[in-house]
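Chains as they are written, first to last, in the numbering used here: chain A, 27 to 351; chain B, 325 to 712; chain C, 15 to 268. We put the beta carbon where it would ideally sit given N, CA and C, even for glycine. This report concerns only the one structure given below.
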Amino acid sequence: MAIDTGLLTNIGFYVSIAIVFSVLALGFNLQWGYTGLFNAGIAGFFLVGAYVTAIAITPLSQPLIIGGVTVVPGHLGGYSLPFVVGALLAMVASGLTAALIAIPALRLRADYLAIATIAFAEILRIFAINLESTTGGTIGLPLIPPLIQYVPADPFLSAVTFVAIGGAILLALLLVLQFMVESPWGRVLRAIRDDEEATMALGKNAYRYKLQAFALGGAIMGLAGALFAVALLYIEPSGSFAPAVTFSVWVMVIVGGAGNNRGAILGAFLIYGMEWGSVQLKDLAPAQLRDTIFYIRIMIIGVLLILLILFRPEGVLRERKRALR
Amino acid sequence: MAGTSTSESAEETRAWQSRWAALRLGPRVRRQLLRAIVVAAIFLAFCALLGALFGVGILSYTLAGLRVGSIVIVAAIGLSLIYGIRGFANFAYGDLMTLGAYVALLVNLFGGINLVAGFVVAFVTLGAFGIVLELLIFRRLEGRGPVAPLVASVGVGLIIQNGIRATASTQQWNYDVTAIGEIPIVPGLGFHWIRDFATLAIGLSFMVSLHVLLKYTNLGKAMRATADNLELAKATGIDTKRVRYAAWAVSCSFASTAGILLGLIAVVKPTMGFEVLLLIFAAVIVGGIGSPYGAMLGGLVVGLSQEMSVPLLLWLGRPEVIGLEHATAYKVAVPFFIMIGVLLLRPWGIAGRQPAFAPRTFFVERLARVLRGKRTSAERAEGDGRGG
Amino acid sequence: MHADSILRVQDVQKAFGGIQAVDRCTLAVFPKSITGLIGPNGAGKSTLFNIVAGLYRPDGGEIWFNGARIDGLPPYEIVRLGLTKTWQIPHELRNLTVLENVVLAAKENSGEQLLNLFVRPRRVQRDEKQWRARAREILALTQLDGLANEHAKGLSGGQKKLLELARALMSDPAIVLLDEPVAGVNLTLAANLMDLIERLRQGGRTFFLIEHDMNVVMNRCDRVIVMHQGRKIAEGTPSAVKADPVVIESYLGG
Chain A
27 MAIDTGLLTN IGFYVSIAIV FSVLALGFNL QWGYTGLFNA GIAGFFLVGA
77 YVTAIAITPL SQPLIIGGVT VVPGHLGGYS LPFVVGALLA MVASGLTAAL
127 IAIPALRLRA DYLAIATIAF AEILRIFAIN LESTTGGTIG LPLIPPLIQY
177 VPADPFLSAV TFVAIGGAIL LALLLVLQFM VESPWGRVLR AIRDDEEATM
227 ALGKNAYRYK LQAFALGGAI MGLAGALFAV ALLYIEPSGS FAPAVTFSVW
277 VMVIVGGAGN NRGAILGAFL IYGMEWGSVQ LKDLAPAQLR DTIFYIRIMI
327 IGVLLILLIL FRPEGVLRER KRALR
Chain B
325 MAGTSTSESA EETRAWQSRW AALRLGPRVR RQLLRAIVVA AIFLAFCALL
375 GALFGVGILS YTLAGLRVGS IVIVAAIGLS LIYGIRGFAN FAYGDLMTLG
425 AYVALLVNLF GGINLVAGFV VAFVTLGAFG IVLELLIFRR LEGRGPVAPL
475 VASVGVGLII QNGIRATAST QQWNYDVTAI GEIPIVPGLG FHWIRDFATL
525 AIGLSFMVSL HVLLKYTNLG KAMRATADNL ELAKATGIDT KRVRYAAWAV
575 SCSFASTAGI LLGLIAVVKP TMGFEVLLLI FAAVIVGGIG SPYGAMLGGL
625 VVGLSQEMSV PLLLWLGRPE VIGLEHATAY KVAVPFFIMI GVLLLRPWGI
675 AGRQPAFAPR TFFVERLARV LRGKRTSAER AEGDGRGG
Chain C
15 MHADSILRVQ DVQKAFGGIQ AVDRCTLAVF PKSITGLIGP NGAGKSTLFN
65 IVAGLYRPDG GEIWFNGARI DGLPPYEIVR LGLTKTWQIP HELRNLTVLE
115 NVVLAAKENS GEQLLNLFVR PRRVQRDEKQ WRARAREILA LTQLDGLANE
165 HAKGLSGGQK KLLELARALM SDPAIVLLDE PVAGVNLTLA ANLMDLIERL
215 RQGGRTFFLI EHDMNVVMNR CDRVIVMHQG RKIAEGTPSA VKADPVVIES
265 YLGG
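Below, the structure is given as structure tokens:
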């Protein structure tokens, strides 16, 4: 994942990916922070969004066969649709995927739901790796067109462009989500989180609300995938959509405080900041230690998870008290 | 013995008889054993049929399935012990298997000792490690529901896996075992000493020893009671703390053995355990959460379904059928689909108990009613007008 | 006799893991009454309430409410038809405020439909305002209005019981099933609560309540039904039931 020419571009990259993770965190916050649905398959919905967008907006790519060996398998594509369309398609696809797994899984207890969703995400990843002619297999989809193609190519301007547009999308998403969770609809979600049975006894069809929250959360994760595709300009299945991504998002939302949207964004910037920072350190470190830093960074995520769960499960920031006038 | 009176020898005989009676199989156990024999006979007949239809080569998949199934069984037993007695899904379990495999690797490759010693050292080390985990972390998460320890276990798994990566690098290792070659039992069906015989034998012996532990030892009975009803167990004076530590120790020890077996039939690498974690969860869920016997059944289902789907996938991969690329790579998805199906239709698994106070599942009820073509009660009531 | 009942339970059965919690229970509640349901512990009273409210599905039998058959319906449909239930152990929504708890119980709040938030924003605002006002009225009735903006988790046990009642009243039900409404509540508050129930009854509502406090049962209920081991063993006026030898034996022997 190397781009940097210049420190500012590097920081621009950090902000770009932090924005992507913020969107992921907002989606998970809707599902778990507000409704109490513990989704362990975040990476799967992220993956669907990224691939759908990439396939939609990338020009045709032919397979590259050298001496009878398929070097680059090529992929489905060639539609060259604008990003807006690609992003919308991504949201619909991810939302439908989320609804698909939610319909059977939502009636399950929280830990069964986690197992079902993580299995589902792995199934999606297996398909992404092996449906080569559609997804490009392990090579993935390179050469995704950025939001604005600068000629001559200018990484710094591209980064700034993404931060501006992505940031605007993030802000809009935050406003819409705040509106939704503060509404009567959002109140039902919070009630379900607190006590689903009591909420049903008060006359609410809890299943329908859970399905809506889960599907919308999935759609938001799809949007994150779309942004990821045009931030990185290249997607591949093994690293970017591994379960470790799901676990990172967990930490981000728990740190920021479950049920706190601004906290989720803060958590995303913090935790990804730590990951990005460790990559920078890695380049400064002597050669033998480089990979070790990478692994230590993930170990720190593990330690954070344990410490947070043990001592501060409600998060660093807390949910606001709501005074109704 | 010379010189004993008849009354003493009669007493000895009675003591012998009562000990034998305790071991003797009661009617219920006899019935279960009979059922198991019948199922095994059906299975063997099915294999014979397959062999007759498609050639003996297809049975190599069955053998592979039994092999994978044995490893999954050993692992699933350990996982279901924690699920039953500590009440949560241990997401670090795969990485505990990896840890066991690496401990054995240390003993075997760098200590230059026979792998059998590696088994033993790993067994003991991981058992102790499990106790440490309960002591440091999971003891404090008592009463916080199933999600909190799950998340903590994810953290533990991340630490173990990346700790191994940091210290031992990501390269792949193989154990130092003098591999005796293939033994042709049936022409076309290679039976490999280490790969097949060792795995199946160890799997079977672990199943039996667990059964003995649970049924005939005091600790085992205490474990069953605690898994059944924690409060009741405490009230009847069972030392549930000791049971908990014992459960962790047995669980992690089983994980270590499963990990080494996995390393034997494949390779030893940092992600080896995590890659099969979901498979083991599938076995536990299909078999029934908290039931080690269900885990055994689930392990068998998972192993067989995964491996025996390969010929079907190969067929799907043929260009004239679907032309599915990399068809055999989808075999790992088969147990996942089965697991999701089980969660959909019968979440408590084959051997689990339906929870008494299960919340109503209106979606399934409505679906069932629609499928049976009946109107809902409300529609019926409104249509019938005032009732008497 | 049953033709004019508002709630009729007919031959209802429910088993849990081998225990027959409700065993062919048949009883009726009449409109505008305060009917008591008593019986020794484990008689199946709370279980019956949960079945009537739709939280459990009966294994057999029928339940009729206002002439419509409601067994098998999910709880949210039963609430919509006009039957609500309180919990024996309060199930307050911890992280919501007291006012939010009550507003949530409103039957038709357009803002709870996601689509309405975006296509009918004015109606959403109107409904919400209307329901908040109504919730405040009910909170005043139950003397909780001072705590409207407190998180429900901070309430005392007695206040949580009041909240249960307030929520049950919010959807304007024809009948309220009260599971031990005054257990653990101080005497003054309990008396006020029962006065309120009496006033509401005179306004046309029906109350069916489980109680162990015999003062409440004797002084406040028009009719008493006695359950034991999952079925009805006696019914009648409080004084008649009190003197019934079958009832006395069930309490002593059960």
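Please report how far the alpha carbon of residue 328 of chain A lies from the alpha carbon of residue 482 of chain B, in whole angstroms. Position 302 of the first sequence, counting from 1, holds the residue named residue 328 of chain A. Position 158 of the second sequence, counting from 1, holds the residue named residue 482 of chain B. Approximately 5 Å between the Cα atoms of the pair.
Would a check of beta-carbon distances place residue 472 of chain B closer than 7 Å to chain A? Taking the second sequence and counting its residues from 1, one reaches residue 472 of chain B at position 148. Chain A contact via Cβ: present.
Which stretch, first to last residue, makes up the beta strand (DSSP E) that contains residue 77 of chain C? As a working note, residue 77 of chain C is residue 63 in the third sequence. 74-79 is the span of the beta strand (DSSP E), which, as asked, contains residue 77 of chain C.
Which runs of the alpha helix (DSSP H) fall wholly inside the region 116-157 of chain A and span at least 4 residues, in chain order? Fully enclosed alpha helix (DSSP H) runs of 4 or longer: 136-156.
Note down, in chain order, all residues in the region 227-247 of chain A with a beta-carbon under 7 Å from any beta-carbon belonging to chain C. Listed by position along the chain: 227, 228, 229, 230, 231, 238.
Establish whether the CB of residue 339 of chain A and some CB of chain C are separated by less than 7 Å. One-based indexing of the first sequence puts residue 339 of chain A at position 313. No, no contact with chain C.
Between residue 372 of chain B and the rest of its own chain, which residues show a CB-CB distance below 6 Å, the 5 nearest in sequence each way excluded? Position 48 of the second sequence, counted from the start, is the residue given in the question as residue 372 of chain B. Nothing listed; no residue qualifies.
Helix, strand or coil at residue 190 of chain C according to DSSP, with G and I counted as helix: One-based indexing of the third sequence puts residue 190 of chain C at position 176. The answer is strand: DSSP assigns residue 190 of chain C an E or B state.
Take the Cβ of residue 104 of chain C as the centre, count every other Cβ of all protein chains shown within 10 Å, and call the residue buried at 16 or more, exposed below. What you label residue 104 of chain C is simply residue 90 of the third sequence in a count that begins at 1. Buried.
Identify, in the order they occur along the chain, each residue of the same chain with its Cβ nearer than 8 Å to the Cβ of residue 249 of chain C, setting aside the five sequence neighbours on each side. Here residue 249 of chain C is taken as the residue at index 235 of the third sequence, counted from 1. Excluding sequence neighbours, residue 249 of chain C sits near 41, 237, 238, 239, 240, 255.
Tell me, please, whether the CB atom of residue 321 of chain A is closer than 7 Å to any CB atom in chain B? Taking the first residue of the first sequence as position 1, residue 321 of chain A is located at position 295. With 7 Å as the cut-off, residue 321 of chain A counts as an interface residue toward chain B.
Members of the region 276-301 of chain A near chain B, C-beta cut-off 7 Å: 276
Spell out whether any CB of chain B is found under 7 Å from the CB atom of residue 24 of chain A. Shown here, chain A extends from 27 to 351; a query on residue 24 of chain A therefore has no answer.
Which residues in chain A sit within 7 Å of residue 67 of chain C, going by Cβ to Cβ distance? Your numbering for residue 67 of chain C matches position 53 in the third sequence. The answer, in chain order, is 227.
Flag residue 605 of chain B as yes if its beta-carbon sits less than 7 Å from any beta-carbon of chain A, otherwise no. Along the second sequence, one-based indexing puts residue 605 of chain B at 281. So, interface residue.
Of the choices A:104, A:322, A:32, whose alpha-carbon is the least far from that of residue 479 of chain B? In the second sequence, counting from the first residue as 1, residue 479 of chain B sits at position 155. Of A:104, A:322, A:32, the residue nearest in Cα terms is A:322.
Residue range of the alpha helix (DSSP H) that residue 282 of chain A falls in? In the first sequence, counting from the first residue as 1, residue 282 of chain A sits at position 256. That run of the alpha helix (DSSP H) goes 269-282.
Whole-angstrom Cβ separation of residue 61 of chain C and residue 43 of chain C, contact assumed at under 8 Å? Translated into the one-based positions of the third sequence, residue 61 of chain C becomes position 47. Translated into the one-based positions of the third sequence, residue 43 of chain C becomes position 29. Not really, about 17 Å apart at Cβ, beyond 8 Å.
Does chain A have any CB closer than 7 Å to the CB of residue 206 of chain C? Taking the third sequence and counting its residues from 1, one reaches residue 206 of chain C at position 192. So, not an interface residue.
According to the neighbour-count rule (16 or more other Cβ atoms, all chains shown, within 10 Å of its Cβ), is residue 370 of chain B buried or exposed? The residue you call residue 370 of chain B lines up with position 46 of the second sequence. It is exposed - the Cβ of residue 370 of chain B has fewer than 16 other Cβ atoms within 10 Å.
Local conformation of residue 225 of chain A per DSSP, three classes: As a first step, residue 225 of chain A is located in the first sequence; it is residue number 199 there, counting from the start. Helix at residue 225 of chain A.
Given 8 Å, three or more beta-carbon pairs between the region 302-319 of chain A and the region 231-243 of chain A: no
Go to residue 642 of chain B, then tell me how far its alpha helix (DSSP H) extends in each direction, as first and last residue. By 1-based counting over the second sequence, the position of residue 642 of chain B is 318. From DSSP, residue 642 of chain B is part of no alpha helix (DSSP H); its letter is neither H nor E.
As a quick exercise: from B:622, B:389, B:650, pick the residue whose alpha carbon is nearest that of residue 676 of chain B. Counting from one through the second sequence, the residue named residue 676 of chain B turns up at place 352. If we check each option's Cα against that of residue 676 of chain B, B:622 comes out closest.
Only counting the same chain, and skipping five residues up and downstream in sequence, which positions put a Cβ closer than 7 Å to that of residue 568 of chain B? Counting from one through the second sequence, the residue named residue 568 of chain B turns up at place 244. Contacts found: 409, 410, 458.
Interface residues of chain B facing residue 159 of chain A [CB-CB closer than 7 Å]: By one-based count along the first sequence, residue 159 of chain A stands at place 133. Result: 649.
Alpha helix (DSSP H) containing residue 539 of chain B: first to last residue? As a first step, residue 539 of chain B is located in the second sequence; it is residue number 215 there, counting from the start. Looking at the DSSP string, the run of the alpha helix (DSSP H) that includes residue 539 of chain B is 523-540.
Determine the contact status of residue 20 of chain C and residue 189 of chain C, defining contact as a CB-CB distance below 7 Å. Working through the third sequence from its first residue, we reach residue 20 of chain C at position 6. Working through the third sequence from its first residue, we reach residue 189 of chain C at position 175. Remark: C-beta atoms of residue 20 of chain C and residue 189 of chain C approach each other more closely than 7 Å.
Could you check whether the Cβ of residue 210 of chain C sits closer than 7 Å to any Cβ belonging to chain A? The residue labelled residue 210 of chain C in the question sits at position 196 within the third sequence. For residue 210 of chain C, the answer is no, since every Cβ of chain A falls outside 7 Å of its Cβ.
For a test of the three-state rule: what should DSSP assign to residue 263 of chain C, helix, strand or coil? Counted from its first residue, the third sequence places residue 263 of chain C at position 249. DSSP places residue 263 of chain C within a helical segment (H, G or I) once states are collapsed to three.
For residue 261 of chain C, I'd like the list of residues in its chain whose CB is within less than 6 Å of its CB, leaving aside the five on either flank, ordered along the chain. In the third sequence, counting from the first residue as 1, residue 261 of chain C sits at position 247. So the qualifying residues of the chain are 240, 248, 255.
CA-to-CA distance, residue 573 of chain B to residue 453 of chain B, given in whole angstroms: Within the second sequence, the letter at position 129 stands for residue 453 of chain B. Within the second sequence, the letter at position 249 stands for residue 573 of chain B. Cα to Cα, residue 453 of chain B sits roughly 8 Å from residue 573 of chain B.
Looking only at its own chain, which residues have a Cβ that is under 6 Å from the Cβ of residue 449 of chain B, when we skip the five neighbours before and after it? On the second sequence, residue 449 of chain B is found 125 positions in, with the first residue counted as 1. Closer than 6 Å at Cβ, skipping near neighbours: 427.
Starting from residue 121 of chain C, follow its DSSP beta bridges and name the residues at the other end. Within the third sequence, numbered from 1, the residue matching residue 121 of chain C stands at position 107. In DSSP, residue 121 of chain C forms no bridge with anything.
Per DSSP, which residues does residue 241 of chain C bridge with? Please list them. Taking the first residue of the third sequence as 1, we reach residue 241 of chain C at position 227. Beta-bridge pairing links residue 241 of chain C to C:246.
Look at the Cβ atom of residue 651 of chain B, then the Cβ atom of residue 628 of chain B, and state whether they are nearer than 7 Å. Translated into positions along the second sequence, residue 651 of chain B becomes position 327. Translated into positions along the second sequence, residue 628 of chain B becomes position 304. No. Outside cutoff.
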